[in-house]
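The next block holds one structure in the form of structure tokens; read it before the comments.
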Amino acid sequence: MDSNDVSVLFGYKNGSFAKETRYSVGSYPQSVAVGDFNNDTLLDIVVANSAGDDVSVLLGYDNGSFANETRYSVGSSPSSVAVGHFNNDTRVDIVVANLGDNDVSVLLGYDNGSFGNETRYSVGSRPISVAIGDFNKDTRLDIVVANQVGNDVSVLLGYENGSFAKETRYSVDSYPQSVAVGDFNNDTRLDIVVANTASNDVSVLLGYDYLVFVKQMMLITGNGSRPHSLVISDFNNDGLIDIGVVNLFTQNIGIFLAHDNMSFRNQLTYSTRPYLSPCSMAVGDFNNDTQVDIVFGSCGSDTVGVFLGYGNGSLGNVMVYPTGSNSSRYSLAVGDINNDTMQDIVIANHDNNNLGIFLGYGNGTFSSIILFPLDYGSNPFSIGIGDFNNDRKLDIAVANNGTDSLNILLQTC
29 MDSNDVSVLF GYKNGSFAKE TRYSVGSYPQ SVAVGDFNND TLLDIVVANS AGDDVSVLLG
89 YDNGSFANET RYSVGSSPSS VAVGHFNNDT RVDIVVANLG DNDVSVLLGY DNGSFGNETR
149 YSVGSRPISV AIGDFNKDTR LDIVVANQVG NDVSVLLGYE NGSFAKETRY SVDSYPQSVA
209 VGDFNNDTRL DIVVANTASN DVSVLLGYDY LVFVKQMMLI TGNGSRPHSL VISDFNNDGL
269 IDIGVVNLFT QNIGIFLAHD NMSFRNQLTY STRPYLSPCS MAVGDFNNDT QVDIVFGSCG
329 SDTVGVFLGY GNGSLGNVMV YPTGSNSSRY SLAVGDINND TMQDIVIANH DNNNLGIFLG
389 YGNGTFSSII LFPLDYGSNP FSIGIGDFNN DRKLDIAVAN NGTDSLNILL QTC
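Here the numbering used here runs 28 ahead of the position in the sequence shown, where the first position is 1.
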């Protein structure tokens with residue numbers, strides 16, 4: 029977190045990764061996402077910088093490197109960023125949760141990878157995590173935000189012009205930290221899942237007609253586990269969506285496998301080694317075996333860890349990659365940064381004010397980190413990846429908590 033950069037790891041075909049490459053971003057990078065912001069078919073990156081109160085966007089080159097960041101102001105202490113098409117114009121847009129202002133910022137994208145001024149929408153108390161999905165089946169993307177202090181989630185329905193309706197709130201358990209969406213009961217309506225840190229559980233809210241969400245069940249992550257981040261995927265290839273969670277205090281990854289009757293099995297846990305303190309996670313296929321793998325960021329050491337999946341819900345032993353001294357990452361994302369068909373890893377180094385990329389070799393291993401610097405004091409907090417300028421290369425957007433801004437890094441060659 030002290031290094032203020034993000035790390036990118038390029039993937040090899042066997043699920044390993046090359047050494048990281050770092051890119052400077054804003055102050056205290058906290059969260060990361062990916063997308064094609066400029067329509068060049070290359071992935072770009074967006075990072076939320078927690079101390080900078082801004083986001084950084086890095087547009088991608090076709091060799092896996094990135095242009096210098098472009099920064100956009102957002103609200104106070106941006107904590108999470110997501111990307112999607114909000115106004116149906118084929119250009120990738122950005123939404124940022126502003127922890128300090130109790131609102132979200134929406135920035136609509138232009139063809140060249142730049143973004144318009146933010147539009148703010150009020151949500152609950154201390155929004156910490158944001159996700160998007162079409163909750164009312166009108167083909168327009170909506171927003172859901174986990175509100176830490178409010179113990180609830182806010183849902184904002186999207187209009188065709190990229191604006192959003194007033195929030196509707198739904199209660200969850202104590203101190204929600206992370207939110208994701210998926211169809212858990214196969215009724216074609218999106219549901220919401222939330223990791224609740226203080227109550228040591230996961231809330232599942234099922235979606236119904238007329239935008240009604242019902243709290244269906246609580247999944248227990250263990251006494252004192254402090255679940256900090258979650259993902260959804262099919263970990264055992266049965267066609268049902270499962271839930272993965274990182275448990276910060278018990279130092280493990282938890283997997284909840286779904287049954288076809290909308291229940292879940294008891295949590296399976298996999299140790300991340302002592303003192304790693306996993307606090308963020310993402311999924312991908314790092315060794316090209318079509319099975320779901322997991323990468324997590326450590327808040328207890330300057331590392332990321334990779335678990336390769338076997339396709340039956342179980343995971344192999346953890347592999348650890350260094351991210352640099354005092355890097356303290358909070359956010360990571362997965363995408364094919366250098367267009368070699370192998371998945372890579374991007375991380376936000378909150379304290380060091382940079383981005384890091386680990387290039388994947390496709391065999392489950394990764395390169396050393398490649399760094400991209402952001403401005404001093406920006407504290408990148410959340411990252412998004414997309415093609416922001418329609419050049420078919422992935423770019424990067426970074427939300428900077430330290431400067432209340434958004435940075436854009438474009439791939440340009």
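Glycine included, each C-beta is placed from N, C-alpha and C at the ideal position.
Using beta-carbon positions only, say whether Phe314 and Gln371 come within less than 8 Å of one another.
As a first step, residue 314 must be located in the sequence shown, where it is residue number 286. As a first step, residue 371 must be located in the sequence shown, where it is residue number 343. Yes; because the gap between Cβ atoms is below 8 Å, this pair is in contact.
Might you give, ordered along the chain, the residues of its own chain that have their beta carbon closer than 7 Å to the beta carbon of Ala226, omitting 5 neighbours on each side?
Your numbering for residue 226 matches position 198 in the sequence shown. Correct list, in chain order: Ser202, Tyr203.
For Asp72, does the three-state DSSP call read helix, strand or coil?
Reading the sequence shown from its first residue, position 44 is the one you call residue 72. Of the three classes helix, strand and coil, the one that applies to Asp72 here is strand, per DSSP.
When you compare the stretch 159–179 with the stretch 78–98, are there three or more beta-carbon pairs, one atom per stretch, that lie closer than 8 Å?
Result no; under three Cβ-Cβ pairs closer than 8 Å.
Which residue's Cα is closest to the Cα of Ser342: Gln205, Ala425, Ser308, Ile271?
Here residue 342 corresponds to residue number 314 of the sequence shown, with the count starting at 1. Nearest of Gln205, Ala425, Ser308, Ile271 to Ser342, Cα basis: Ile271.
Pick from Gly141, Thr216, Val151, Val123: whose alpha carbon is nearest that of Phe163?
Here residue 163 is taken as the residue at index 135 of the sequence shown, counted from 1. The residue with the shortest Cα to Cα distance from Phe163 is Thr216.
DSSP on Tyr298, reduced to helix/strand/coil?
Counting from 1 along the sequence shown, the entry for residue 298 is found at position 270. Correct three-state label for Tyr298: strand.
Given this structure, state the Cα-to-Cα distance separating Leu438 from Asn316, to the nearest angstrom.
In the sequence shown, counting from the first residue as 1, residue 438 sits at position 410. In the sequence shown, counting from the first residue as 1, residue 316 sits at position 288. Their backbone Cα atoms lie some 27 Å apart in a straight line.
Under DSSP, the beta strand (DSSP E) around Ser199 begins and ends at which residues?
Within the sequence shown, the letter at position 171 stands for residue 199. Here the beta strand (DSSP E) through Ser199 covers 196–199.
With DSSP run on the structure shown, which of helix, strand or coil describes Glu146?
Stepping through the sequence shown from its first residue, residue 146 is reached at position 118. Correct three-state label for Glu146: coil.
Assign Lys165 to one of two classes, buried (16 or more other C-beta atoms within 10 Å of its C-beta) or exposed (fewer than that).
As a working note, residue 165 is residue 137 in the sequence shown. With fewer than 16 Cβ atoms within 10 Å of its Cβ, Lys165 is classed as exposed.
Considering Cα atoms alone, identify which of Ser291, Ile220, Lys243, Arg154 is closest to Val259.
The count along the sequence shown starts at 1 and reaches residue 259 at position 231. The residue with the shortest Cα to Cα distance from Val259 is Ile220.
So, does the stretch 59–69 touch the stretch 424–439, judging by three or more C-beta pairs under 8 Å?
Result yes; three or more Cβ-Cβ pairs closer than 8 Å.
Which residue marks the beginning of the beta strand (DSSP E) containing Met347, and which one marks its end?
To locate residue 347, count along the sequence shown from 1; it is residue 319. Unbroken beta strand (DSSP E) run through Met347: 347–350.
Report the rounded CA-to-CA distance for Leu360 versus Val240, giving the unit in angstroms.
Numbered from 1 along the sequence shown, position 332 holds the residue referred to as residue 360. Numbered from 1 along the sequence shown, position 212 holds the residue referred to as residue 240. Between Leu360 and Val240, the C-alpha separation is close to 31 Å.
Could you check what DSSP says for Gln279 in three-state terms: helix, strand or coil?
As a working note, residue 279 is residue 251 in the sequence shown. Coil.
Mind reading off the beta-carbon distance from Val83 to Val102? Whole number of angstroms is fine, and I expect it under 8 Å.
Looking up residue 83 in the sequence shown gives position 55. Looking up residue 102 in the sequence shown gives position 74. About 6 Å separates the two Cβ atoms, so the contact holds.
Beta carbon of Asn429, beta carbon of Ala159: below 8 Å?
Position 401 of the sequence shown, counting from 1, holds the residue named residue 429. Position 131 of the sequence shown, counting from 1, holds the residue named residue 159. Not in contact: Asn429 and Ala159 (Cβ atoms no closer than 8 Å).
The beta strand (DSSP E) with Leu383 in it runs from where to where?
Translated into positions along the sequence shown, residue 383 becomes position 355. Its beta strand (DSSP E) spans residues 382–401.
Cutting at 8 Å between CB atoms, please list the residues of its own chain near Gly337, excluding the five before and the five after it.
Walking along the sequence shown from the start, residue 337 turns up at place 309. Around Gly337: Phe263, Gln319, Val320, Asp321, Ile322, Leu343, Gly344.
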